[in-house]
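**Q** Sharing a structure with you now.
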Amino acid sequence: MGSASDASALTDDWQRLLVDWSQKIGVSLLILFVFWVLAAMARKVVRKAGATAGIDTSVINLLARSAHVVLLVIGLVTTLGTLGIDVSGIVASIGLTGFAVSFALKDSISNLLSGMLILIYRPFKVGASIKVKTFEGQVTAIDLRYTKLERDGEKILVPNSLLFTNPISIQSGSANEN
10 MGSASDASAL TDDWQRLLVD WSQKIGVSLL ILFVFWVLAA MARKVVRKAG
60 ATAGIDTSVI NLLARSAHVV LLVIGLVTTL GTLGIDVSGI VASIGLTGFA
110 VSFALKDSIS NLLSGMLILI YRPFKVGASI KVKTFEGQVT AIDLRYTKLE
160 RDGEKILVPN SLLFTNPISI QSGSANEN
């Protein structure tokens with residue numbers, strides 16, 4: 010008779026375990042779905058707000074993708090935590106990786122952020138003649154990383170961080186002068 014009660018206890022344990030895990034999986038899938046919807050909504054809101062504010066499309070797309078990815082990562086970490094997985098190591102790894110990458114790419118990030126600010130605040134426009142440090146010419150394009158100048162047929166790529174951290178002389182009477 011002992012083996013019948015052992016089998017019954019084992020069946021009860023399995024049933025409880027199955028119910029517990031099915032609830033965790035259901036809640037986790039719901040959380041993941043909610044964050045997926047929030048990420049999609051955030052991407053649309055950022056794009057719409059950026060377009061309304063007249064921000065350059067490359068800046069809008071970068072911000073929209075960043076918001077989307079951040080919300081998906083938060084949703085994934087929350088989902089893993091709901092499943093009972095210890096996420097402290099994952100969160101620490103994400104933080105350390107972010108720190109290491111940002112330190113390694115500090116110049117690129119500086120140019121990127123400077124480019125975003127130049128595209129948002131528009132201290133000069135394409136067609137303007139500008140001078141910064143030893144670089145002088147007509148602006149032919151403004152990108153997230155650098156601004157293209159042209160002078161006497163020579164094309165010059167000026168890092169945006171240089172434009173953002175140094176005085177810029179905008180030639181009076183140049184096209185699209187602000």
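For what it's worth, this note's numbering labels the leading residue of the sequence shown as 10, then goes sequentially.
Every residue gets a Cβ at the ideal spot worked out from N, C-alpha and C, and that includes glycine.
Everything numeric in this text was worked out from a predicted model, so none of it was measured.
Mind listing, in chain order, the continuous beta strand (DSSP E) runs of no fewer than 3 residues lying wholly within the segment 122-159?
**A** 138-141 and 144-151
**Q** On the three-state DSSP scale, how would you describe residue 92?
**A** coil
**Q** For residue 38, which of 79, 84 and 124 has the nearest alpha-carbon?
**A** 84
**Q** Tell me where the beta strand (DSSP E) around residue 177 begins and ends.
**A** It is not in any beta strand (DSSP E) - residue 177 carries neither H nor E in the DSSP assignment.
**Q** Can you check whether the CB of residue 141 is closer than 8 Å to the CB of residue 172?
**A** yes
**Q** For residue 17, is the classification buried or exposed, using 16 other Cβ atoms within 10 angstroms of its Cβ as the cut-off for buried?
**A** Of the other Cβ atoms in all chains shown, fewer than 16 fall within 10 Å of the Cβ of residue 17; this residue is therefore exposed.
**Q** Drop a sphere of 10 angstroms on the beta-carbon of residue 138, count the other beta-carbons inside from all chains shown, and report buried for 16 or more, exposed for fewer.
**A** buried
**Q** Applying the criterion that 16 or more other CB atoms from any shown protein chain within 10 Å of the CB defines a buried residue, is residue 91 buried or exposed?
**A** buried
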